[in-house]
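*Asks:* Residues in the sequence shown are numbered consecutively from 0, following numbering that gives the first Met the number 0.
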Amino acid sequence: MNIVVAETVLLGEEAFSTLGEVQVVPDREIAPYHLKDADALIIRSKTRVHERLLAESPVRFVGTATAGFDHLDTRYLDRSEIAWCAAPGCNANSVAEYLVAALLELHHRHGIVLEGRSIGIVGVGEVGSRVAEKAEALGMRVLINDPPLEAMARTPDFSARVDPQRYGGFRPLDEVLARSEIVTLHVPLTDEKPWPTRGLARCPFFENMRPGSIFINTCRGEVVDPEALTCALDNGIVEYAVLDVWDPEPEIPLGLLERAELGTPHIAGYSWEGALNGTVACYHAACRFFERSACWPVVEFVPDPPQPRLELETRGRDREDVLAEAVRSVYDIARDDATLREYALPDDAQRGSCFDRLRREYDRRREFFNTRVRLRDDPPGLAGKLRGIGFKADPE
Ligand SMILES: NC(=O)C1=CN([C@@H]2O[C@H](COP(=O)(O)OP(=O)(O)OC[C@H]3O[C@@H](n4cnc5c(N)ncnc54)[C@H](O)[C@@H]3O)[C@@H](O)[C@H]2O)C=CC1
Ligand SMILES: O=C(O)C(=O)[C@H](O)COP(=O)(O)O
0 MNIVVAETVL LGEEAFSTLG EVQVVPDREI APYHLKDADA LIIRSKTRVH
50 ERLLAESPVR FVGTATAGFD HLDTRYLDRS EIAWCAAPGC NANSVAEYLV
100 AALLELHHRH GIVLEGRSIG IVGVGEVGSR VAEKAEALGM RVLINDPPLE
150 AMARTPDFSA RVDPQRYGGF RPLDEVLARS EIVTLHVPLT DEKPWPTRGL
200 ARCPFFENMR PGSIFINTCR GEVVDPEALT CALDNGIVEY AVLDVWDPEP
250 EIPLGLLERA ELGTPHIAGY SWEGALNGTV ACYHAACRFF ERSACWPVVE
300 FVPDPPQPRL ELETRGRDRE DVLAEAVRSV YDIARDDATL REYALPDDAQ
350 RGSCFDRLRR EYDRRREFFN TRVRLRDDPP GLAGKLRGIG FKADPE
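1) From V186 to G124, what does the alpha carbon distance come to, in whole angstroms?
2) Among G88, L148, N90, G168, which has the Cα closest to the Cα of R140?
3) Pick helix, strand or coil for V23, following the three-state DSSP scheme.
4) Identify the continuous alpha helix (DSSP H) that holds L255 and give its terminal residues.
5) Let's see if you can read the secondary structure: which residues bound the alpha helix (DSSP H) around V99?
6) Any heavy atom of ligand 1 closer than 7 angstroms to the beta-carbon of R359?
7) Just to confirm, does E125 get its C-beta within under 7 angstroms of one of the non-hydrogen atoms of ligand 1?
8) Excluding sequence positions up to five away, which residues of its chain have a Cβ less than 8 angstroms from the Cβ of R27?
9) Closest to D77 by CA distance: which of S93, G211, G254, H49 is it?
10) Going by C-alpha to C-alpha distance, which of S128, I181, E180 sits closest to V161?
11) For A240, does the three-state DSSP call read helix, strand or coil?
12) Would you say H185 touches ligand 2, meaning its beta carbon is less than 7 angstroms from a heavy atom?
13) State buried or exposed for A54, treating a residue as buried only when at least 16 other CB atoms are found within 10 Å of its CB.
14) If you follow the alpha helix (DSSP H) that T189 is part of, which residue opens it and which one closes it?
15) Got a sec: does ligand 2 put a non-hydrogen atom nearer than 7 angstroms to the Cβ of G268?
16) If I follow the unbroken alpha helix (DSSP H) through T370, where does it start and stop?
17) Please confirm whether R170 and L199 have their CB atoms less than 8 angstroms apart.
18) Grouping DSSP H, G and I as helix and E and B as strand, with all else coil, what is V141?
19) Should V182 and S212 be called a contact, given that it needs their Cβ atoms to be closer than 8 angstroms?
20) Excluding the five sequence neighbours on either side, which residues of its own chain have a C-beta within less than 6 angstroms of the C-beta of Y361, listed in chain order?
21) Does the distance between the C-beta of S44 and the nearest non-hydrogen atom of ligand 2 fall short of 7 angstroms?
22) Assuming K45 is part of the alpha helix (DSSP H), what are its boundary residues?
23) Please classify G310: does DSSP put it in a helix, a strand, or coil?
24) Under the assumption that E248 contacts G220 (Cβ atoms under 8 angstroms), give the Cβ distance between them as a whole number of angstroms.
25) Kindly examine ligand 3 and report whether one of its heavy atoms sits closer than 7 angstroms to the Cβ of N90.
26) Considering only their Cβ atoms, is the gap separating D320 from G262 smaller than 8 angstroms?
27) Let me know if T154 comes out buried or exposed under the rule of 16 or more other beta-carbons within 10 Å of its beta-carbon.
28) I'd like the ranges of any alpha helix (DSSP H) spanning at least 4 consecutive residues and lying wholly in the stretch 140 to 212.
29) Quick test of the definition: if touching needs 3 or more C-beta pairs under 8 angstroms, does the stretch 52 to 71 touch the stretch 29 to 39?
30) Can you determine whether any heavy atom of ligand 1 sits closer than 7 angstroms to the C-beta of R375, and answer yes or no?
31) Counting Cβ pairs closer than 8 angstroms, one from the stretch 325 to 340 and one from the stretch 367 to 375, do we hit at least three?
32) Please determine if the stretch 57 to 77 and the stretch 223 to 240 are in contact, where contact requires at least 3 C-beta pairs separated by less than 8 angstroms.
33) Return the Cβ separation of P307 and R371 in integer angstroms, given the expectation that the two are a contact with Cβ distance under 8 angstroms.
34) In the DSSP assignment, what residue or residues form a beta bridge with D69?
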């Protein structure tokens, strides 16, 4: 079997060479001639898969090691009976940890107290539901909006990661926007009716938000109208924007980066675990499709975490300062922001290749569960908050 694997699929060659002959190709360069003898194509989100790419190829299986799959023309794949898979939830915890890091960085920079603050989560699937859990652990008031899930909740065999009742039930978007001090988007990019998300956040969306809000986008750049966001920043509706995704990528709009409080190169999902989960999900789906047994010994490839233990002084300190220190010790979002600004060059082509390079060479962080935090004394509730955002914490 011949398998073409995109260069940025973590351990892609190691995994898929247990199933056949692997050809590794840079993500944006994958072209019909690479696929003329290929049975399977394994990619991430930078490779767009459509009829022009596959029409002349024998490819029968396409796997994307990512949660989002808006880069696949799934209608064409289904019509052509080409099997495909994505990796739902593979990096959801990574994105939720990114959110926590962003919020605690805003606390550190501007003294924004998170406890008691309201956060509106638009889209409560794999990522949004985890964001809700961590926000709740931080003592925040969570409001949720998800019309497709709300519709499903009316059917008899509804089951979802999120328990809507825990957050007061699903609420209309307008209400979430009007009542939240922080708004964060976790929807897929889609044009499908009745709930298209392309351009979901345009002028009326921002007009419904509370003045002085925090706005966070980690889903897809195209969900937000950049001019409407700029306008919301100009007129003070949005005080701080945290942006991980851009429209377009990789030639990201410099004006918006300048206005963002935190801007990062589409790395919210870039934990080591998130990337590995994506590869493993595609590997297992390919094994099922080609009726092969899974024989890749993935555990042998998991490196030790660089920060297994952390000891923190807590006496006399604000609890959110301690949380911010814990998070910064394992993931410093400010560094990702600074690096992107340093490499965001005025020339479009150069900016695009720098953006791709930053992502390709990204030093993938490890998720919080790899670190056990010991508190020197035990302020009430702090160990519970650390556990709630994902760390192991002593005292138990
Ligand atoms: N920045 C990054 O590195 C990453 C970005 N993502 C992006 O985040 C998106 C969401 O990821 P997951 O939570 O894993 O997907 P998911 O499919 O598990 O959840 C998406 C949720 O959004 C809801 N939804 C759909 N249309 C909606 C609308 N118009 N209004 C409100 N809710 C709506 C769905 O019902 C679903 O519950 C992905 O599709 C991907 O584009 C995902 C992982 C990493
Ligand atoms: O999983 C998703 O969806 C994402 O947005 C990925 O984190 C994107 O990563 P790349 O495919 O661009 O490496």
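Note that beta-carbon positions come from the ideal geometry of N, C-alpha and C, so glycine has one too.
*Replies:* Taking the structure as given:
1) Distance between the alpha carbons of V186 and G124 is about 8 angstroms.
2) G168
3) strand
4) 253 to 258 is the span of the alpha helix (DSSP H), which, as asked, contains L255.
5) Going by DSSP, V99 is part of the alpha helix (DSSP H) stretching over 91 to 109.
6) no
7) Because some heavy atom of ligand 1 lies under 7 angstroms away, the Cβ of E125 counts as near it: yes.
8) K45, T46, D355
9) H49
10) That would be S128, whose Cα lies nearest to the Cα of V161.
11) strand
12) no
13) exposed
14) Where T189 is concerned, there is no enclosing alpha helix (DSSP H), given that its DSSP letter is neither H nor E.
15) yes
16) Boundaries for T370: no alpha helix (DSSP H) harbours it, and the DSSP string shows neither H nor E there.
17) no
18) It is a strand residue.
19) yes
20) The residues are I266, Y269.
21) yes
22) It is not in any alpha helix (DSSP H) - K45 carries neither H nor E in the DSSP assignment.
23) One detail in the question is off: residue 310 reads as Glu in this sequence, not Gly. Correct three-state label for E310: strand.
24) 6 angstroms
25) Of the ligands this structure carries, namely ligand 1 and ligand 2, none is ligand 3.
26) no
27) exposed
28) 146 to 152, 172 to 178, 202 to 206
29) yes
30) no
31) yes
32) no
33) 7 angstroms
34) None, per the DSSP bridge assignment.
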